[in-house]
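The structure appears below as structure tokens.
Numbering (the working numbering), first residue to last: 35 to 232.
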């Protein structure tokens, strides 16, 4: 139990309420493989994944006007991965969780090699719906799709700890540190999580 709380604290500090995935925007954008605009997320941190640039704690996707804009783009460009991902981010940021899952599933189908939408579905279940068991297979799939995706590993470690699967959480942290590049924004958080489990 204590171990799960420590992992959750580390992950929460990095992920804030992890929502979903945004894409290369110069302005502050919504959530991503590691973010959502919730009241605790007032700072903006930029990190890059192979799929896109992620803005943590930014707000360009919040508001029903933005949601309407991103939904229109997603409908007009139904085969565009980024348009579907952006609509999912905006839906998540606006608390439209079923809609967020819908758009993330579409993005995942359009780009099966992208871990971000799969990770983001896990985030909807875990961070927003508080259903860690339902999120677990999405995080497991995300790290299989892209073993270098630090945020997906951190989410996986966190959810395993929350579920009380402490040996699995530790095992995943060890595995992640072998494959995630040290330059990845989540590498040090994975190190911290592992240290707290010892």
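Glycine included, C-beta positions come from ideal geometry on N, C-alpha and C.
Computed from a prediction, not measured in an experiment: that's the story for all the values here.
- Check each candidate in 208, 131, 182 and name the one with the smallest Cα separation from residue 263. With the chain covering only 35 through 232, there is no way to say anything about residue 263.
- Item | C-beta atoms of residue 214 and residue 228 nearer than 8 Å | no
- Query: If you count every other CB in all the chains shown that lies within 10 Å of the CB of residue 132, and 16 or more means buried, which is it?
  - Reply: exposed
- May I have a chain-ordered list of the beta strand (DSSP E) segments no shorter than 3 residues that lie completely inside the segment 168 to 223? none
- Message: My assumption, with CB atoms under 8 Å, is that residue 104 sits in contact with residue 115. Please give the rounded CB distance.
- Response: The Cβ separation is near 13 Å, so there is no contact.
- Query: Can you tell me the Cα-Cα spacing of residue 203 and residue 187, whole angstroms?
  - Reply: 10 Å
- Through-space distance from residue 110 to residue 160, alpha-carbon basis: 30 Å
- Task: Identify which residue in 143, 146, 98 has its Cα closest to the Cα of residue 124.
- Result: 98
- Under a Cβ-count criterion, where at least 16 other Cβ atoms within 10 Å of its own Cβ denotes burial, should residue 195 be classed as buried or exposed? buried
- Message: Considering just the uninterrupted stretch of the alpha helix (DSSP H) at residue 103, what are its terminal residues?
- Response: 98 to 110
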